[in-house]
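Visitor: Its first residue numbered 1, the sequence shown is counted upward by one per residue in the UniProt record's numbering.
Even glycine gets a Cβ: it sits at the ideal position worked out from N, Cα and C.
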Amino acid sequence: MTPFYSPNTNSVVERANGIIASTFKKVINKHPEKLALILPNALLAINTRKQNSSQKFPFYLPHGYKPRLPHELHIRSVINDMSREDQRDLLSLDNPEAPNTMYKMHLTNRRSFDLLRRTHLFKSEDLELCKSLKQGYHKLSAILKEPFVNVRTVAVLYATRSSL
Numbered sequence: 001m002t003p004f005y006s007p008n009t010n011s012v013v014e015r016a017n018g019i020i021a022s023t024f025k026k027v028i029n030k031h032p033e034k035l036a037l038i039l040p041n042a043l044l045a046i047n048t049r050k051q052n053s054s055q056k057f058p059f060y061l062p063h064g065y066k067p068r069l070p071h072e073l074h075i076r077s078v079i080n081d082m083s084r085e086d087q088r089d090l091l092s093l094d095n096p097e098a099p100n101t102m103y104k105m106h107l108t109n110r111r112s113f114d115l116l117r118r119t120h121l122f123k124s125e126d127l128e129l130c131k132s133l134k135q136g137y138h139k140l141s142a143i144l145k146e147p148f149v150n151v152r153t154v155a156v157l158y159a160t161r162s163s164l
């Protein structure tokens, strides 16, 4: 675990690490001799509890997906049942589908982000009311509002020509 004061860390992940560390301290202080038995239950309790502030599971923050409880996993073990060649063949069949699945997930996630993003559609020769600083004044001086006409679009910024 990285310390909480490190400037190059993600604060959300560090908060999850702090929750895990404090829970382990409580468990170890109460029953130090039963650590091996209590550890899986403590991990499960931490990973499946939503935080009040972020409404996310601590497991979700570093891993990117919700924790799955053992009864939610209905996957049988295929390691002992299949030979290495059969596993390789199954993997070669699944590999072409992986990019399509990832693209579908990207599209579903993109919809929610697009709802939050506000689009600005400026066209050439549109009349706008822009805020501009007076020439030679300090940055804290009054802002002058003038109508401007868009000349051309330059990336996110717009080159403008005064209409006055």
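Taking the C-alpha atoms as reference points, what is the distance between Asn100 and Leu35?
Guide: As a working mapping, residue 100 is identified with position 100 in the sequence shown. As a working mapping, residue 35 is identified with position 35 in the sequence shown. Each residue's Cα considered, the two are about 44 Å apart.
Visitor: Can you tell me whether Asn109 is buried or exposed? The criterion is at least 16 other CB atoms within 10 Å of its CB, across all chains shown.
Guide: Taking the sequence shown and counting its residues from 1, the one referred to as residue 109 is at position 109. By the neighbour-count rule (16 or more Cβ atoms within 10 Å), Asn109 is not buried but exposed.
Visitor: Is Pro99 helix, strand or coil when you go by DSSP?
Guide: Working through the sequence shown from its first residue, we reach residue 99 at position 99. Pro99 falls in the helix class under three-state DSSP.
Visitor: Taking just the CA atoms, how far does His31 sit from Thr23?
Guide: Here residue 23 refers to the residue found at position 23 when the sequence shown is read from its first residue. Here residue 31 refers to the residue found at position 31 when the sequence shown is read from its first residue. Their backbone Cα atoms lie some 12 Å apart in a straight line.
Visitor: Using the three-state DSSP reduction, which class does Ser112 fall into: helix, strand or coil?
Guide: Locating residue 112 in the sequence shown gives position 112, where the first residue counts as 1. Helix.
Visitor: Cα separation between Lys104 and Arg49?
Guide: Here residue 104 refers to the residue found at position 104 of the sequence shown. Here residue 49 refers to the residue found at position 49 of the sequence shown. Taking the straight line joining both Cα atoms gives about 28 Å.
Visitor: At what residues does the alpha helix (DSSP H) containing Ser92 begin and finish?
Guide: Within the sequence shown, residue 92 is the residue found at index 92, counting from 1. Its alpha helix (DSSP H) spans residues 84–94.
Visitor: Could you give the DSSP three-state label for Arg15: helix, strand or coil?
Guide: Counted from its first residue, the sequence shown places residue 15 at position 15. In this structure, Arg15 counts as helix in the three-state DSSP scheme.
Visitor: Using the three-state DSSP reduction, which class does Val48 fall into: helix, strand or coil?
Guide: Counting from one through the sequence shown, the residue named residue 48 turns up at place 48. Note that residue 48 is Thr in the sequence shown here, rather than Val. Thr48: coil per DSSP, three-state reduction.
Visitor: Mind checking Asn41: buried by the 16 CB within 10 Å criterion, or exposed?
Guide: In the sequence shown, counting from the first residue as 1, residue 41 sits at position 41. Asn41 should be labelled exposed.
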